[in-house]
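Right, one structure below, let's go through it.
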Amino acid sequence: MKPFGVKSMLIPMDATFYVHIEFKAKTGGWSVNLPFLCSKCGLCCTLDDFLTAGKLKSYPPNFQAHIRTHKLYEELGKRWAADPVKYDRYITQTPCPFLFDRICSIYEIRPEGCRQFPNTSFGMLTQNCESLNRFKRQLAVLKQGKSTKIFRHFVETPIISVQYTKKQYQRCLAKLCNAGMTEAELSLFCEFNKKTF
Ligand code: SF4
Ligand code: SF4
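Numbers given in my numbering equal positions in the sequence shown, counted from 1, plus 87.
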């Protein structure tokens, strides 16, 4: 068996986060990864402070989108300077102006906070994200009655390797299915738990 924490594979996909769960057992520890899958419902783009969520990233650089974004930042800055109270009202009552038909029009350069959401202190507390609510239920059933250590990771780094027996893995799958895991989440879970040794 490899020791815990050995980094193994890099899964190309939309950025997301996952938790690496280590289970303690008399017969030796084992582990699985539980990934978060965003359903792209766009709801978080209507929450407070949509555009104050950190710097922009672009892969590859999209200068047109950068220019549009910076113009908008400037415009928002002017509104704030003119009347902070009106600005607060605007920013809490208006969905993000980059959201069109529930799709982010600057997705490839969206701010870091949007990229990370709900993998932030504020994000983890939100009640509004159905995917997050399911993720929390899934984590709870996996942890139930077990001594565990949980590590949260963002996907831009290689995925932590896992170690489990066939029986342990099948029990996890059964629990996750009972907890309402969707087919898409199940398939991502399988991707994140491929053994590479
Ligand atoms: S509310 Fe949740 S599921 Fe919907 S887009 Fe935001 S992170 Fe994704
Ligand atoms: S920039 Fe995109 S991802 Fe971020 S809040 Fe606006 S629409 Fe949503």
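Quick reminder that beta carbons are idealized off the backbone N, C-alpha and C, glycines included. On a predicted model such as this, the values are computed, not experimentally measured, just so you know.
**Q.** As assigned by DSSP and simplified to three states, the class of Phe179
**A.** Here residue 179 is taken as the residue at index 92 of the sequence shown, counted from 1. The sequence as given places Thr at residue 179; Phe does not occur at that position. The answer is helix: DSSP assigns Thr179 an H, G or I state.
Q.
Is Arg155 close to ligand 2? I mean its beta-carbon at under 7 Å from any heavy atom of the ligand.
A. Along the sequence shown, read from residue 1 onward, the residue named residue 155 stands at position 68. Arg155: no, Cβ never under 7 Å from ligand 2.
Q: Please determine, among Gly115, Thr103 and Val119, the residue with the shortest C-alpha to C-alpha distance to Lys282.
A: Stepping through the sequence shown from its first residue, residue 282 is reached at position 195. Checked all of Gly115, Thr103 and Val119; the closest Cα to Lys282 is Val119.
Q: With Phe110 as the anchor, note down where its beta strand (DSSP E) starts and where it stops.
A: In the sequence shown, counting from the first residue as 1, residue 110 sits at position 23. Residues Phe104 to Phe110.
**Q.** Exposure label - Tyr105; buried when at least 16 CB within 10 Å
**A.** The sequence position of residue 105 within the sequence shown is 18, counting from 1. Burial call: buried.
Q.
On the DSSP letters alone, give me the boundaries of the alpha helix (DSSP H) that Arg202 sits inside.
A. Position 115 of the sequence shown holds residue 202. Residues Glu199 to Gln203.
(Q) Can you give me the C-alpha to C-alpha distance between Tyr160 and Thr179, rounded to a whole angstrom? (A) Counting from one through the sequence shown, the residue named residue 160 turns up at place 73. Counting from one through the sequence shown, the residue named residue 179 turns up at place 92. Going from the Cα of Tyr160 to the Cα of Thr179 covers about 16 Å.
Q) Tell me, which residues are paired with Cys191 by DSSP? A) As a working mapping, residue 191 is identified with position 104 in the sequence shown. Answer is Leu186.
Q | Beta-carbon contacts of Leu219 that lie in its chain and below 8 Å, excluding the five residues immediately before and after | A | Working through the sequence shown from its first residue, we reach residue 219 at position 132. Excluding sequence neighbours, Leu219 sits near Phe123, Pro205, Gly210, Met211 and Thr213.
**Q.** Run of the beta strand (DSSP E) containing Lys236, from where it starts to where it stops
**A.** Numbered from its first residue, the sequence shown carries residue 236 at position 149. Here the beta strand (DSSP E) through Lys236 covers Thr235 to Phe241.
(Q) On the DSSP letters alone, give me the boundaries of the beta strand (DSSP E) that Val249 sits inside. (A) Within the sequence shown, the letter at position 162 stands for residue 249. Premise fails: Val249 is in no beta strand (DSSP E) and is neither H nor E.
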